[in-house]
Ligand SMILES: [Zn+2]
Ligand SMILES: [Zn+2]
Ligand SMILES: [Zn+2]
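In the numbering used here, the protein residues as written are 2 to 785.
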């Protein structure tokens with residue numbers, strides 16, 4: 002007889018790990034106990050050597066499907082004389098290293114109950130079990146136990162309690178478990194918050210309203226969706242007008258995979274992801290409207306070759322979609338750049354003017370979580386927005402690091418927390434353009450620090466002095482609460498004099514993020530292309546080739562710089578970028594090129610003003626932005642002189658590119674003028690050839706393809722020059738699939754190893770991961 006003590010670390014709470022241990026131990030005739038603590042799961046079992054060996058082997062081999070076991074440590078002791086096996090109460094205290102699980106989409110067992118008239122949870126919109134349901138959006142404190150969740154206020158009825166306490170039941174210790182007798186209830190409100198109906202009637206009337214062209218705000222797991230019938234052009238137009246989202250594509254929710262196939266091409270891998278517990282929005286290739294079985298309103302995703310599609314991820318959404326039986330627009334419940342609304346009273350105040358009805362319930366949302374968005378590259382998912390289903394699962398990193406808070410970028414903000422050998426990335430927060438978004442940013446930081454009880458030794462931030470995230474970091478490091486309270490963990494670190502500020506160059510963070518996301522340490526050539534990032538020389542970078550790793554980098558090459566009149570104003574006016582490049586190429590004579598669409602779109606006065614700005618440098622920063630080069634070319638081939646959102650013109654340019662075209666324009670790599678300075682990729686000859694093609698009447702789709710092919714050539718030339726066999730593609734421009742796929746193909750054929758982003762986005766949503774690893778490397782090497 003011996004006693005075995007086992008500590009299991011990882012995402013092992015809320016996944017049925019303790020009942021699994023209970024079943025295994027009792028099956029093997031072992032006595033002892035299992036409990037959850039703040040670090041994971043602890044087990045003690047005693048019995049014969051053979052039974053203990055079997056227990057040890059099967060503990061990992063047969064662990065529950067949703068568990069992510071990071072480590073198992075064992076020790077042997079004298080028997081303690083246990084008589085039976087029991088599940089003990091969770092203990093608090095100690096260093097918190099347990100992972101909080103993301104919310105999981107409704108499992109098949111729960112779906113079967115939902116649709117079974119004989120089941121006591123028939124049509125109950127909040128059923129869940131150990132294998133599915135809310136997690137991250139209801140956790141108030143660790144360890145993960147019912148009183149520490151927003152379900153704490155719902156007392157279990159006798160039936161639910163019996164299941165909750167029965168180790169052999171699927172709902173054993175399922176913290177959010179509920180039934181119609183004891184759990185949350187559904188209600189339908191009018192747009193002033195007055196109740197109209199409850200329970201099934203609320204659901205039925207919400208579905209009727211959607212089919213009648215109304216806009217319904219639906220409270221889900223991590224906040225509200227704004228919903229309307231995806232086939233109804235007028236309803237979609239009204240939703241867009243209310244939300245102030247004129248052109249950006251809207252996501253659709255459909256009832257099942259068959260309904261997705263009626264709209265889009267759904268590969269085997271795509272089907273698996275649609276049906277997965279993460280249930281992200283997938284950007285799927287849309288069927289030709291002529292062959293699509295269901296016609297989506299044209300204003301759902303204008304110009305787009307893809308549709309964002311997701312399946313219901315909660316019982317409520319399953320019931321609603323079954324009742325509507327049509328694609329439903331389901332977009333974040335917010336106005337333009339604000340964070341998603343989570344509380345029903347707040348939602349009525351913020352959204353009441355654009356919504357007809359609110360479908361709400363009384364389970365509080367502890368923290369906002371948007372839907373995740375991704376697409377497939379072959380079999381692999383690439384996330385473009387990392388939120389529900391993925392946050393806050395940590396990203397493992399190779400080097401052990403001190404506790405570091407990274408505050409992310411300005412747009413698509415996500416914050417990160419480096420803890421030991423992993424980085425916890427927050428859910429998507431959004432663009433820090435509004436006071437509401439800044440408030441959400443501050444709440445998420447406070448939340449992460451509190452939940453993980455983290456005491457950071459450093460704050461990593463972008464170099465851009467005007468990013469609100471940078472300003473917050475500076476203020477926090479100074480302990481300055483004049484503009485708002487700071488988290489206690491930050492104040493404590495400031496008072497102890499151990500909080501450092503580490504500025505991380507934007508594109509260096511992109512490179513480091515791509516490396517870390519691939520479990521690689523470098524060095525690599527980072528091809529980091531995006532719209533805007535503050536450079537170490539004070540200019541605006543964006544078409545960068547950085548050779549290095551998390552610790553350091555050399556800027557080996559960049560796009561030829563130009564002055565951008567109006568700076569950020571150009572983001573929404575691609576024609577400004579076009580005029581800027583023409584001025585750089587032709588000087589003032591560019592102003593009379595009325596044959597070119599972007600020039601012709603300006604009045605004479607505007608042209609003169611913009612030229613003067615470029616000549617004097619007034620509000621015209623020097624930039625190497627690849628994003629603006631895309632904008633300029635899009636405007637020059639006749640697309641979008643003005644854009645409804647950043648990247649719109651570039652997306653349209655990509656959509657236009659003829660995949661069969663293999664022609665290229667000259668895109669010379671000009672060697673460094675002196676040792677130690679970067680080489681230049683000169684877009685001048687490229688642009689001249691593009692204009693000549695235009696003058697000869699070569700079509701826009703051919704010119705777009707030739708432009709893309711030239712970029713691939715340019716990247717290949719720098720890769721050969723830089724001498725690193727490993728190339729990392731990062732930054733918002735690498736959301737361009739034409740560019741990514743051709744670059745990958747080319748570089749791989751030339752023997753390079755190409756790293757791309759997968760579960761951490763290539764855009765600024767992935768920046769915080771890189772900020773953490775860069776700060777950790779700097780602290781390790783020179784104690785910055
Ligand atoms: Zn379930
Ligand atoms: Zn109940
Ligand atoms: Zn960026």
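We put the beta carbon where it would ideally sit given N, CA and C, even for glycine.
Heavy atom of ligand 3 within 7 Å of residue i beta-carbon
i, result
"residue 733", "yes"
"residue 544", "no"
"residue 534", "yes"
"residue 462", "no"
"residue 511", "yes"
"residue 559", "no"
"residue 507", "yes"
"residue 448", "no"
"residue 517", "no"
"residue 531", "yes"
Ligand 2 heavy atom lying under 7 Å from the CB of residue i
i, result
"residue 184", "yes"
"residue 160", "yes"
"residue 105", "no"
"residue 157", "yes"
Beta-ladder partner(s) of residue i, from DSSP
i, result
"residue 226", "219 and 333"
"residue 564", "623"
"residue 341", "Paired residue(s): none; residue 341 is not in a bridge."
"residue 130", "133"
"residue 37", "42"
"residue 481", "In the DSSP output, where bridge partners are listed per residue, residue 481 has none listed."
"residue 607", "DSSP output for residue 607 lists no bridge partner at all."
Any non-hydrogen atom of ligand 1 closer than 7 Å to residue i Cβ
i, result
"residue 432", "no"
"residue 110", "yes"
"residue 178", "no"
"residue 116", "no"
"residue 229", "no"
"residue 132", "yes"
Residue i, DSSP secondary structure in three states
i, result
"residue 569", "helix"
"residue 160", "helix"
"residue 684", "helix"
"residue 78", "strand"
"residue 515", "helix"
"residue 419", "strand"
"residue 265", "strand"
"residue 311", "strand"
"residue 540", "coil"
"residue 462", "strand"
"residue 1", "The question about residue 1 has no answer, for the chain in this structure spans 2 to 785."
"residue 453", "coil"
"residue 31", "coil"
"residue 535", "strand"
"residue 398", "strand"
"residue 559", "strand"
"residue 703", "helix"
"residue 617", "helix"
"residue 277", "coil"
C-beta atoms of residue i and residue j nearer than 8 Å
i, j, result
"residue 46", "residue 53", "yes"
"residue 75", "residue 3", "no"
"residue 138", "residue 368", "yes"
"residue 205", "residue 324", "yes"
"residue 304", "residue 598", "no"
"residue 657", "residue 715", "no"
"residue 370", "residue 107", "no"
"residue 337", "residue 246", "yes"
"residue 743", "residue 719", "no"
"residue 473", "residue 408", "yes"
"residue 513", "residue 774", "yes"
"residue 330", "residue 231", "yes"
"residue 510", "residue 771", "yes"
"residue 390", "residue 280", "yes"
"residue 687", "residue 668", "yes"
"residue 731", "residue 636", "no"
Any non-hydrogen atom of ligand 4 within 7 Å of residue i CB
i, result
"residue 363", "With respect to small molecules bound, the structure shown includes ligand 1, ligand 2 and ligand 3 and not ligand 4."
Minimum Cβ-Cβ distance from residue i to chain E less than 8 Å
i, result
"residue 769", "This model lacks chain E altogether, as it is built from one protein chain only."
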